[in-house]
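Data block below; observations after.
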Amino acid sequence: AHLANLDPNMRITTSVVSVTGGMDLVKLELDLRDRCRQEIRQRLTAEMKAALDLTHLEPEQLRYHLRHALAPISESSLSRVDFWHALMDPSHGSPQDLPRRLSAKITDATTHFVYLHRTCKILKKPGKYQDLMIL
44 AHLANLDPNM RITTSVVSVT GGMDLVKLEL DLRDRCRQEI RQRLTAEMKA
94 ALDLTHLEPE QLRYHLRHAL APISESSLSR VDFWHALMDP SHGSPQDLPR
144 RLSAKITDAT THFVYLHRTC KILKKPGKYQ DLMIL
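Those letters in the sequence shown? Residues 44 to 178, per my numbering, in order.
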């Protein structure tokens, strides 16, 4: 779900909320979060490499060619055509700076997948998770 909802401005964070009691299980959950972050980084890096191969194209042609360049990477890559198209907009900076900017966005996307541990297992009201929006 995290990769399908990436925002070029990084306004979306995906969290996994846990109420696990045992420290061993919390450690396993943190390890799983780290593995998921690594998978996010690997997928986005592969997509970035494909996108960077298209920097010679005019902006009006980019979306079409991005779709065809991302399709062989994975089926889910197609859901990020608009994400990459927005990030590659020439108005965001020089083409020479593009690899650095895209790498920074991958880092942001990776860190926006978070793990939250609740110490209280009781959910007293349906709006209890609204306090997480403030984070």
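Glycine included, C-beta positions come from ideal geometry on N, C-alpha and C.
DSSP three-state assignment for residue i, whether helix, strand or coil
i      : result
LEU97  : coil
LEU186 : With the chain covering 44 to 178 only, the question about residue 186 has no answer from this structure.
THR57  : strand
SER117 : coil
ALA44  : coil
LEU49  : coil
MET91  : helix
ASP125 : helix
Residues of its chain near residue i, where Cβ-Cβ distance is below 6 Å and the 5 sequence neighbours each way are ignored
i      : result
ARG76  : TYR158
ASP140 : none
Reference residue i; option with closest CA among the options
i      : options                         : result
GLN104 : VAL60, ALA47, ARG143 and MET131 : MET131
ASP137 : ALA114, ALA152 and THR98        : Reading off the sequence, residue 137 comes out as Ser, not Asp. When only C-alpha atoms are compared, the closest one is THR98.
Burial state of residue i, where buried means 16 or more other Cβ atoms lie within 10 Å
i      : result
GLU90  : buried
LEU49  : buried
HIS45  : buried
SER120 : buried
ALA152 : buried
LYS179 : Nothing can be reported for residue 179, as the shown portion of the chain is limited to 44 through 178.
Same chain only: Cβ atoms within 7 Å of residue i, ignoring 5 sequence neighbours per side
i     : result
THR56 : HIS155 and VAL157
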